[in-house]
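In what follows, a single structure is set out as structure tokens and then discussed.
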Amino acid sequence: MWRRGMNASAGVKLVAEQGQTGTLKSEVEAQKSAGKIWQLILPGYGLGAVDEKTGIQVKVTAIHSKVSLISVLAPSPDWFVGVDRHDLCENGRWREAWHVITLLPYDSGTDSGSQFIGRDQETVQPVPIFRVNYTMDAVSPHPHLPPLVSGELPKAFVVRRGDVMSEELKQFVASKVPPEKKLRAFVNVLVASSMAAKCPGNANYTLTWKASWTRDNHPNTPLPSGAHFSNLIGCTHGSDYIMWRRGMNASAGVKSVAELGQTGTLKAEIEAQKSTGKVWQLILPGYGLGAVEERTGIPVKVTSNFSRVSLISMLAPSPDWFIGIDSHDLCDNGQWRKTWDVTMLPPYDSGTDSEPTFIGDQPTVPPVPIFRINHTMEGPFKANNPIKSLGEFRFMLQVETDNSGKENSTEKENSAGKDWFNEGDARISS
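Numbering (UniProt numbering), first residue to last: 1 to 430.
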């Protein structure tokens, strides 16, 4: 119905811009007649800024087990909240309850307005739906106001079809509207989250990188000649640095990696952030991978204040496509993770080149936010089924040092778990 990284349909556009459901209702009913939808959910009311309604009927079946919802933030240019294909079936059993406590604002990509109330600024060439990440900038409704919360709500893990993202939550500022205007919108979004404890001392991990770019990833298009992944680059960092993120524009360094596989500019950006105290370690092993290959033993070092890892590698040849992870946290509520297998690495588009084939060059002017490529989009990855993972990352804890300097080696313990890596699902061991 909608998805971050995809363009909004006419129905989603009307809901996001005007709160009108008629067109989206027609789209849903058309898909229902095609057998893709089981139930239209349209209770017939919205909510005030602080309000609650109960008893909305939701019906699912064995083959129609997913739920998508959307509601406009009104007044706003084109902002909304919702859920995208949340599955009420888990491993063959119906969930007894599911609390979706992370409802963050999204932009439908169809209006460029930056104020809650103002003149329409139609986006002439619509951009893909993206999450409204930051409002503490010049185009914020009230950038001079401090954040509502004084403490940091550090993270929430959002899982969509195996794509796990650690998302910052201290992003929203208070906003006032003229008293004659009745606000029916969320002025703020506060997400229930535990205040995660920091891990003590520091930890050393080894990273295994496995590539699996095969014809299975795009069965209708041959593998390009010389298919490979460019030199891996990334860093360990704190919560106040973002190397790349879906829904944000690519930096010059990320653009250079995604388009050319060149790491020099991104390396300079990372080192600049290191000098300001936001980055701990540059990760640059100095090699890429073939389309199907594996490398082991890449050192990854983290500390109490720099526990997150971001990585990127170009899909080559391609116009601006890449794989990577964004701000994965190796600290789990005060304890260093023993292992972390990231077994879903989908392709992303840096938003800087519009060429639809593996080989070609059509610069995107102006650039659009980074988005995830999926199997419904035109291009070589278009297929009947979702794109399979293009590779895997595995982090294995080797040594951790507590605040007193005492070391604890886990090498022997980890060696017993190496058979996991090829089983094809995501596992976290803590």
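Backbone N, C-alpha and C fix where the C-beta goes; we use that ideal spot for every residue, glycine too.
query = The beta strand (DSSP E) with L315 in it runs from where to where?
reply = Here residue 315 corresponds to residue number 315 of the sequence shown, with the count starting at 1. Start and end: 308-316.
So R85 and S68 are supposed to be a Cβ contact under 8 Å. How far apart are they, rounded?
Start at 1 with the first residue of the sequence shown, and residue 85 comes out as number 85. Start at 1 with the first residue of the sequence shown, and residue 68 comes out as number 68. Right, their Cβ atoms sit about 6 Å apart.
- Message: Buried or exposed, going by whether 16 or more other CB atoms sit within 10 Å of the CB of M195?
- Response: Sequence index remark: in the sequence shown, residue 195 carries index 195 (1-based). A caution first: M195 carries a pLDDT of 40, below 50, which makes its placement in the model unreliable, though a value can still be read off. Exposed, by the Cβ-count rule.
Determine whether the beta carbon atoms of W38 and T21 lie at a separation below 7 Å. Position 38 of the sequence shown holds residue 38. Position 21 of the sequence shown holds residue 21. Going by C-beta atoms, W38 is not nearer than 7 Å to T21.
Buried versus exposed, by CB contacts within 10 Å (16 or more), I129:
The residue you call residue 129 lines up with position 129 of the sequence shown. Buried, since its Cβ has 16 or more Cβ neighbours within 10 Å.
query = My guess is that I70 and T206 are in contact by the Cβ rule of under 8 Å, so how many angstroms apart are they, rounded?
reply = Locating residue 70 in the sequence shown gives position 70, counting from the first residue. Locating residue 206 in the sequence shown gives position 206, counting from the first residue. About 43 Å; that fails the 8 Å criterion.
* For E27, which residues from the same chain have a beta carbon less than 7 Å from its beta carbon, with the 5 sequence-adjacent residues on both sides left out? -> Translated into the one-based positions of the sequence shown, residue 27 becomes position 27. Contacts found: S9, G11.
Just reading off the beta strand (DSSP E) that L104 is part of, what are its end residues? Taking the sequence shown and counting its residues from 1, the one referred to as residue 104 is at position 104. Counting along the chain, L104 falls outside any beta strand (DSSP E), and DSSP gives it neither H nor E.
Local conformation of E167 per DSSP, three classes:
Position 167 of the sequence shown holds residue 167. Bear in mind that the predicted position of E167 carries a pLDDT of just 41, short of 50, making it too unreliable to give a figure here.
Exercise. Whose C-beta lies closer than 8 Å to the C-beta of T401 among residues of the same chain, with five residues either side of it excluded?
Worked result: Position 401 of the sequence shown, counted from the start, is the residue given in the question as residue 401. Cβ within range, chain order: G201, N202, A203, E407, N408.
**Prompt:** From what residue to what residue does the beta strand (DSSP E) around I323 run?
**Reply:** Within the sequence shown, the letter at position 323 stands for residue 323. Per DSSP, I323 belongs to the beta strand (DSSP E) from 321-329.
_Assigned exposure category for W98 - 16 Cβ within 10 Å defines buried_ = Counting from 1 along the sequence shown, the entry for residue 98 is found at position 98. Burial call: exposed.
Checklist line | Three-state secondary structure assigned by DSSP to S409 | finding: Translated into the one-based positions of the sequence shown, residue 409 becomes position 409. Strand at S409.
Among residues of its own chain, excluding the 5 on either side of L289, which ones have a beta-carbon nearer than 7 Å to its beta-carbon? Indexing the sequence shown from 1 puts residue 289 at position 289. Contacts found: W209, A211, H228, F229, R295.
- prompt: Since K25 contacts L42 with CB under 8 Å, what's their CB separation in whole angstroms?
  reply: As a first step, residue 25 must be located in the sequence shown, where it is residue number 25. As a first step, residue 42 must be located in the sequence shown, where it is residue number 42. Contact holds; Cβ gap of about 6 Å.
**Report entry** Close Cβ partners of G351 (< 7 Å) along its chain, the five nearest in sequence each way excluded
**Finding:** Position 351 of the sequence shown, counted from the start, is the residue given in the question as residue 351. Here the set comprises N249, A250, T364, P367, V368, P369, I370, F371.
*asked:* Using a Cβ-Cβ cutoff of less than 7 Å, which residues in the same chain neighbour L14 once the five nearest sequence positions on both sides are dropped?
replied: As a position in the sequence shown, residue 14 is number 14, starting the count at 1. So the list reads Q20, T23, L24, once near-sequence residues are dropped.
request  = To the nearest angstrom, report how far apart W79 and F322 are at their CA atoms.
outcome  = Position 79 of the sequence shown, counted from the first residue, corresponds to residue 79. Position 322 of the sequence shown, counted from the first residue, corresponds to residue 322. C-alpha separation (whole angstroms): 28 Å.
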